[in-house]
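Numbering-wise (my numbering), the sequence shown opens with residue 206 and increments by one. Heads up, the beta-carbon is just placed ideally off N, CA and C, and yes, glycines get one too. Here the structure is a predicted model, which means the values were calculated and not measured. As structure tokens, the structure follows; a few thoughts come after it.
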Amino acid sequence: MVAWAMAYGGLRIWFATGHAPTWKLPGNDLLIPPWLAVAGCAITALAAITIRDERDLRHKQGLRGQRLGGRVWAARLFWVLAAGWVAAAAFILLDVVAAVLPGLGIPFDPLGMLCRVGAILGAVLLGLTAKAHQSEAKPWPHWIATLGACLAVAGCLTRLAAQAAVGFGTTPYGGDLSLILFEGGFMLVGTLLPFLLVHPVGRRFPRWMLLVPGFTLGAAMTAYFGVGLIQMVVAVAQGKPVYGDVGLPDAFFWVAVPAYVVWGVGLTLASRGYQFATRKDTDSERDLHIMNS
């Protein structure tokens, strides 16, 4: 963790001092100011060093049974930092779509994608570190996962309704096979995937087949559109137009973007419920634990 923070922090300092390349997507490679990214690396390194020193000290003093308080705050801090890095690298969602479906016309920036992958790597390391410093996870009621699936479907349908209101011909994407594949995947992720995550038939699939897209897309949509929603609120507060260069009314974005956020959150909840429901006795009780206190 410390090695990552130092290496990635060095890269962020290089960019912050005026050496950043020209990015193909709007703004910087991350959705935070350059020096804030540097500060994030410093905080990550300090947190990792602090918890490591505390662990070593307690081990020497024989205080193994008194670590719960430290473990709780450390796990929470690491999860917060991980979420922050994922949000900062939210453009990774566009990178994936542009790489898989180049015909859509979304700019593909390999260098920017590598920088964002570096941030995601840090988030993964933070998540693994948090996992090692938290108490056992307790399964939540099935109705929470069901609610998540309903939210995901509702978010998808709301997004479709918003598009229908302005016309399906106004989409900025290309109109070839890539668009057909994108729309097909859009519908599957918004309807079939949430259903399989909460219905018994979904347990017939290998866990990874549903958990990987469920967690990945759920977190990606929540991060990307969550940041977008914050940017919209800031733009309104500053008296600026909301995505005025797109050519769609503001009302469309005030419906579509929150719908995506609800969709992402719901998909994440449903995926977590599926993980609990399909967990075997040999699985770690702390796997991807979500702190409930």
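Excluding sequence positions up to five before and after F220, its CB lies within less than 6 Å of the CB of P239, all in the same chain and listed in chain order.
Residue environment analysis places A425 among the buried positions, since at least 16 neighbouring C-beta atoms fall within 10 angstroms of its C-beta. Counting C-beta pairs closer than 8 Å gives fewer than three between the region 350-370 and the region 321-340, which falls short of the contact rule. In this structure, the alpha-carbon of T363 lies about 17 Å from that of G389. For T396, there is no enclosing alpha helix (DSSP H), as DSSP marks it with neither H nor E. Here R217 really is in contact with C246; their C-beta atoms are around 6 Å apart, less than 8 Å.
The continuous stretches of alpha helix (DSSP H) do not include D234, and DSSP gives it neither H nor E.
No Cβ-Cβ contact shorter than 8 Å links L299 with L386.
For I435, the enclosing alpha helix (DSSP H) starts and ends at R412 to A442.
Closest option to T334, judged by alpha-carbon separation, among L397, I311, V207 and M437: V207. In this structure, V467 lies near G360, with their beta-carbon atoms less than 8 Å apart.
Of all C-beta pairs linking the region 441-457 to the region 365-375, three or more are shorter than 8 Å, placing the two stretches in contact.
Shown here, V329 sits in a helix according to DSSP, grouped into three states. If you check the CB distance, I311 and V302 come in under 8 Å. Taking C-beta atoms as the reference points, L393 and L309 fail to come closer than 8 Å. Per DSSP, the continuous alpha helix (DSSP H) segment holding G471 begins and ends at D455 to A482.
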